[in-house]
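Student:
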Amino acid sequence: MKKIKCDWFGEGEELYFNIMRLAEFEKAIGRPIQRLFIEGFFLDDLFIAYEIGLRHEGRRKPQFYINKIQELMDSKDLSIGELITPVQKALIASGVAGKQAYYGMFPEELTDDEKDELEAEESAKN
1 MKKIKCDWFG EGEELYFNIM RLAEFEKAIG RPIQRLFIEG FFLDDLFIAY
51 EIGLRHEGRR KPQFYINKIQ ELMDSKDLSI GELITPVQKA LIASGVAGKQ
101 AYYGMFPEEL TDDEKDELEA EESAKN
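Going by my numbering, the first residue of the sequence shown is number 1, and it counts up by one from there.
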């Protein structure tokens with residue numbers, strides 16, 4: 001399981017989603033995760049994603065993330081888009097978006113064999 005570095009809420013923290021966290025996240029936001037990639041993130045999605053994806057770093061309530069994100073935006077001039085990026089990476093790293101998205105996000109992990117397999121799958125579709 002791939003973890004994504006996320007130091008905004010604590011030094012050395014890493015964000016990740018396994019199958020249980022993915023299911024919990026979908027239930028909490030009330031829609032399939034794939035729709036996030038199509039429709040975009042609501043702010044509540046972001047707070048919930050950090051609460052679930054960083055749970056192993058200590059149980060924190062959404063209000064903690066709401067307050068901290070506001071501080072980050074005020075003090076570091078971070079945009080919501082920059083705050084969404086680690087969540088998107090962690091979701092893609094979980095495999096929920098498929099191989100194409102995974103290797104698009106992490107091209108350094110694409111081996112020649114996997115590249116051939118992806119090309120064969122793409123050819124089979126056409």
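Ideal Cβ placement from N, Cα and C applies to all residues, glycine included. What you are looking at is a predicted structure, and each value in this text was computed from that prediction instead of being measured.
Do the segment 43–57 and the segment 15–28 meet, that is, are 3 or more Cβ pairs less than 8 Å apart?
Tutor: Cβ pair count under 8 Å is three or more, so yes.
Student: Going by DSSP, name the residue or residues bridged to Lys5.
Tutor: Its beta-bridge partners are Glu14.
Student: Would you kindly work out how many angstroms separate the C-alpha atoms of Ile4 and Val87, rounded to a whole number?
Tutor: Ile4 and Val87: Cα-Cα distance of roughly 8 Å.
Student: On the DSSP letters alone, give me the boundaries of the alpha helix (DSSP H) that Asp77 sits inside.
Tutor: Taken as a continuous stretch (DSSP letters only), Asp77 belongs to no alpha helix (DSSP H), as it is neither H nor E.
Student: Does the beta-carbon distance from Ile84 to Phe41 come in below 8 Å?
Tutor: Yes; because the gap between Cβ atoms is below 8 Å, this pair is in contact.
Student: Taking all protein chains shown into account, decide if Ser94 is buried (16 or more other Cβ within 10 angstroms of its Cβ) or exposed.
Tutor: Buried: at least 16 other Cβ atoms inside 10 Å.
Student: If you check the beta carbons only, do Glu24 and Glu57 fall under 8 Å apart?
Tutor: Against a cut-off of 8 Å, the Cβ pair of Glu57 and Glu24 comes out as no contact.
Student: Fully enclosed by the segment 87–123, which alpha helix (DSSP H) runs are 4 residues long or longer?
Tutor: List check, alpha helix (DSSP H) in window: 99–105.
Student: Identify the continuous alpha helix (DSSP H) that holds Phe25 and give its terminal residues.
Tutor: Element bounds for Phe25: Ile19 to Ile29.
Student: Specify, as a first and last residue, the run of the alpha helix (DSSP H) that Glu51 falls within.
Tutor: Counting along the chain, the alpha helix (DSSP H) containing Glu51 begins and ends at Leu43 to Gly53.
Student: What residue range does the alpha helix (DSSP H) around Glu39 cover?
Tutor: Unbroken alpha helix (DSSP H) run through Glu39: Ile33 to Glu39.
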